[in-house]
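Inspection log for the structure reproduced underneath, given as structure tokens.
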Amino acid sequence: MKIYAIAILAFLCLTRYLAASEQPNIVLILIDDLGYADMSHHPDAPNDVHTPAIDRIASQGVSFTNGYSTAPICSPARVGLSTGRYQQRWGNYWYGEGGLPKGIPTIASTLRDLGYATKKIGKNHNNGGPADHPLEHGFEEFLGFNHHTHDYLRVSERDLKAYQDLSPSLGILQVGPLERDHGEKVSFEDTYTTDLFTDEAIEFIQRERPQEQPFFIHLSYNAVHMPTYVGHPDYLDRFGLTQAEWDPGADSWEFPFWDPRKGEWEPWHQSWGHLKKVDPQGRHRYLLQLTVLDDNIARLLATLEEQDQMDNTVIVFLSDNGGTINTYSNNGKLAGSKYMFGEGGLRIPIILTYPANLPQGLKREDLVSAMDIFPTLIELAGGTPPNDLDGQSLLPLLNNTTSFAERSLVWAKDDKTWAVRSGPWKLSNNIQWDHTNYSLDKQGIAHPAPDIHFPGGPLRLVNLDDDIGETTNLNKENPDLVQRLHQIFKDWHSQMAPKLKGDQRWDTYPPK
Numbered sequence: 025m026k027i028y029a030i031a032i033l034a035f036l037c038l039t040r041y042l043a044a045s046e047q048p049n050i051v052l053i054l055i056d057d058l059g060y061a062d063m064s065h066h067p068d069a070p071n072d073v074h075t076p077a078i079d080r081i082a083s084q085g086v087s088f089t090n091g092y093s094t095a096p097i098c099s100p101a102r103v104g105l106s107t108g109r110y111q112q113r114w115g116n117y118w119y120g121e122g123g124l125p126k127g128i129p130t131i132a133s134t135l136r137d138l139g140y141a142t143k144k145i146g147k148n149h150n151n152g153g154p155a156d157h158p159l160e161h162g163f164e165e166f167l168g169f170n171h172h173t174h175d176y177l178r179v180s181e182r183d184l185k186a187y188q189d190l191s192p193s194l195g196i197l198q199v200g201p202l203e204r205d206h207g208e209k210v211s212f213e214d215t216y217t218t219d220l221f222t223d224e225a226i227e228f229i230q231r232e233r234p235q236e237q238p239f240f241i242h243l244s245y246n247a248v249h250m251p252t253y254v255g256h257p258d259y260l261d262r263f264g265l266t267q268a269e270w271d272p273g274a275d276s277w278e279f280p281f282w283d284p285r286k287g288e289w290e291p292w293h294q295s296w297g298h299l300k301k302v303d304p305q306g307r308h309r310y311l312l313q314l315t316v317l318d319d320n321i322a323r324l325l326a327t328l329e330e331q332d333q334m335d336n337t338v339i340v341f342l343s344d345n346g347g348t349i350n351t352y353s354n355n356g357k358l359a360g361s362k363y364m365f366g367e368g369g370l371r372i373p374i375i376l377t378y379p380a381n382l383p384q385g386l387k388r389e390d391l392v393s394a395m396d397i398f399p400t401l402i403e404l405a406g407g408t409p410p411n412d413l414d415g416q417s418l419l420p421l422l423n424n425t426t427s428f429a430e431r432s433l434v435w436a437k438d439d440k441t442w443a444v445r446s447g448p449w450k451l452s453n454n455i456q457w458d459h460t461n462y463s464l465d466k467q468g469i470a471h472p473a474p475d476i477h478f479p480g481g482p483l484r485l486v487n488l489d490d491d492i493g494e495t496t497n498l499n500k501e502n503p504d505l506v507q508r509l510h511q512i513f514k515d516w517h518s519q520m521a522p523k524l525k526g527d528q529r530w531d532t533y534p535p536k
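Throughout the sequence shown, residue numbering follows my numbering, covering 25 to 536 in sequence.
Structure, rendered in structure tokens:
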């Protein structure tokens, strides 16, 4: 009986290998600041969320319920994803630090070497460095922006000039043309970035290629990052919203457009982009962006079907980090949000589909990381991942044949603020957080609520299986466990590069 079972297993593995011998196309869909529960297939999804296209991806693939980013903030997390390594290895701990040096293989550069046509669309944000630009780390084409955010609606030279004529400094306001390939500025009128980026991906999918060359698209939407208050004109009525018409020639600009004639950018941005004011319609504005996003993902899936490419396309869906309270996202039962080392800042949806060769509708509870995407995709493409990655291939989990029984993950802003997870246990240090808060009534209208204070403190131990909200510190009851997890952090930190100061960046990795 055992011999028969082994033979069947070997046959299935061989069949799977043969079916996968043709290099699949790969579409990596990266969402910006998605709330962990803001997908209608999620068991904790609120009633106001409806995401049929994202749900379809989950139903056709493998979902990881213990998936993590490498940082609770976008730029370091994006570098960890693309390199399959802890980005702290070259000093990229936090926003504005570390960058991306030369000499580090990325998903794009490795797939390009395997014969893939590669394209980056949307947001590119790696904290600078000599390999910061998409065409410098493996992409052959690029359309998007190289910054932490961009306006959804105003993507033309005319929009940028309207502000430059009135204000000597635009702060971090990002309006105006996008960039194509390396340095070409391109203006777009009467469009919306979520639509535009999807159009660009569809064109790339439909393009004829020599000898059925496979393609890799990194579709990095700026949705649902702020400014979520700038809504898609075609969706405003559906969500009961109004929006001033954008007219650069007007005597004044009304909300949601900053008017430099009425005040400086920073206090205005803090009010509407960082919750210094509670916007009664804030949740509705976020849901509008989420719906526009889901509708565009549906268009993308329809194109793959029309091109008869769905079965032979690997789709990866994930968020860069946890949802942010600033945009009224919902992280469900998780504690905290973007910027902090609570689960709400670190835990993300990770979903992979490959209809021809992977299980469908499977959920795994294994501890996995965005770093694991790199080796997984390279193996699916028929290549061999670099042997010094921090990420691990998910193929054994995707094939439902094994589990990651013993694994630890580490996150750190510096040597004082960090967290370690091993099994159900999480040890953290100095991860407290204060933030403005709000509550929603039955109509989804936001109202001010008591501010959030997350009591991080020194060496806080929680069991996430029993206490997903991280409410009870168990460090005194488990001194040996605290010591073991603390040692994991110390050992990890000893392998990482020191934090860099200011604009310092490593030119190459490993350093010469």
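Glycine included, each C-beta is placed from N, C-alpha and C at the ideal position.
All of these numbers come straight from a predicted model, not from anything done at the bench.
**Asked** Where do the ends of the alpha helix (DSSP H) carrying L325 lie?
**Response** G306 to E330
For this session: Kindly indicate which three-state DSSP category G356 falls into: helix, strand or coil?
Result: Under the three-state reduction of DSSP, G356 is assigned to coil, being neither helix nor strand.
Item checked: R136 versus A77: straight-line alpha-carbon distance, rounded -> 29 Å
Cα-Cα, which of I476, G91 and A274 is closest to D189?
-> Measuring from the Cα of D189, the nearest candidate turns out to be A274.
| field | Pair within 9 Å by beta-carbon distance, G200 and S211 | value | Cβ distance < 9 Å, so G200 and S211 count as in contact.
For N381, count neighbouring C-beta atoms within 10 Å of its own C-beta (all shown protein chains included) and say buried if the count is 16 or more, exposed if not.
So N381 ends up on the buried side.
On the three-state DSSP scale, how would you describe F239? strand
I'd like the span of the alpha helix (DSSP H) that includes V73, first residue to last. No alpha helix (DSSP H) holds V73; DSSP gives it neither H nor E.
* Three-pair Cβ contact test at 8 Å for the stretch 523-534 versus the stretch 112-123 -> yes
#### Entry: 8 Å contact criterion, which T252 and Q313 should meet: CB distance rounded
Rounded, the Cβ-Cβ distance is 5 Å, consistent with contact.
_With three or more C-beta pairs closer than 8 Å as the rule, is the stretch 456-471 touching the stretch 513-521?_
no
Quiz prompt | D490 burial status per 10 Å Cβ neighbour count (16 or more: buried) | solution = exposed
query: Span of the alpha helix (DSSP H) holding F279?
result: Run containing F279: none; DSSP gives neither H nor E here.
For this session: Alpha carbon to alpha carbon, how far is L54 from Q84? Give it in angstroms, no decimals.
Result: 18 Å
query: So which of T425, P399 and T426 has the shortest CA-CA distance to L413?
result: P399
*Whole-number beta carbon distance between V103 and N151, since they are thought to touch under 8 Å*: 7 Å
Taking 8 Å as the threshold, find out whether the stretch 229-248 comes into contact with the stretch 288-307 through three or more Cβ pairs. Judged by Cβ distances under 8 Å, the stretch 229-248 makes no contact with the stretch 288-307, as fewer than three pairs qualify.
*Please say whether G162 and I196 have beta carbons closer to each other than 9 Å?*
no
What does the alpha-carbon distance come out to for the pair N148 and L370?
20 Å
_Neighbourhood of N354 by C-beta distance below 6 Å, restricted to the same chain and skipping five residues each side_ = G59, A61, D62 and P70
First and last residue of the uninterrupted beta strand (DSSP E) at T460: W457 to L464
First and last residue of the uninterrupted alpha helix (DSSP H) at E430:
No alpha helix (DSSP H) contains E430, which DSSP labels as neither H nor E.
Same chain, Cβ closer than 8 Å to D318, neighbours up to 5 away in sequence not counted: H74, T75, P76, A77 and I78
Margin query: Are the CB atoms of R109 and G407 within a distance shorter than 9 Å?
Written below: no
- prompt: Just the Cα atoms here: how many angstroms apart are Y41 and L401?
  reply: For Y41, the predicted model reports a pLDDT of 41, less than 50, meaning its position is unreliable and no value from the coordinates is stated.
Which residues in the same chain as A268 place their Cβ atom closer than 6 Å to its Cβ, once the five residues preceding and following it in sequence are excluded? E278
Exercise. Looking at the structure shown, is R233 part of a helix, part of a strand, or coil, going by DSSP?
Worked result: coil
Exercise for the section: State buried or exposed for G526, treating a residue as buried only when at least 16 other CB atoms are found within 10 Å of its CB. Expected result: exposed
Original post:
If you drop the 5 nearest sequence neighbours on each side, which residues of the same chain put their C-beta closer than 7 Å to that of K523?
Top reply: G115, Y117, E121 and D438
Considering only their Cβ atoms, is the gap separating G368 from G385 smaller than 9 Å? no
Handout entry: For G297 and H471, the rounded distance between their alpha carbons
Key = Straight across, the Cα-Cα distance linking H471 with G297 is about 16 Å.
Worksheet item: Taking C-beta to C-beta, are A101 and A394 nearer than 9 Å?
Response: Contact: yes.
Here's the rule: buried if 16 or more other CB atoms are within 10 angstroms of the residue's CB, otherwise exposed. What is T425? exposed
**Report entry** V86 in three-state terms, based on DSSP
**Finding:** strand
Q. Ordered along the chain, which non-local residues of its own chain (more than five positions away) have a Cβ less than 7 Å from that of T222?
A. Taken in chain order, the residues that qualify are N320, R323 and L324.
- Message: Which residues does DSSP list as the beta-bridge partners of G122?
- Response: R529
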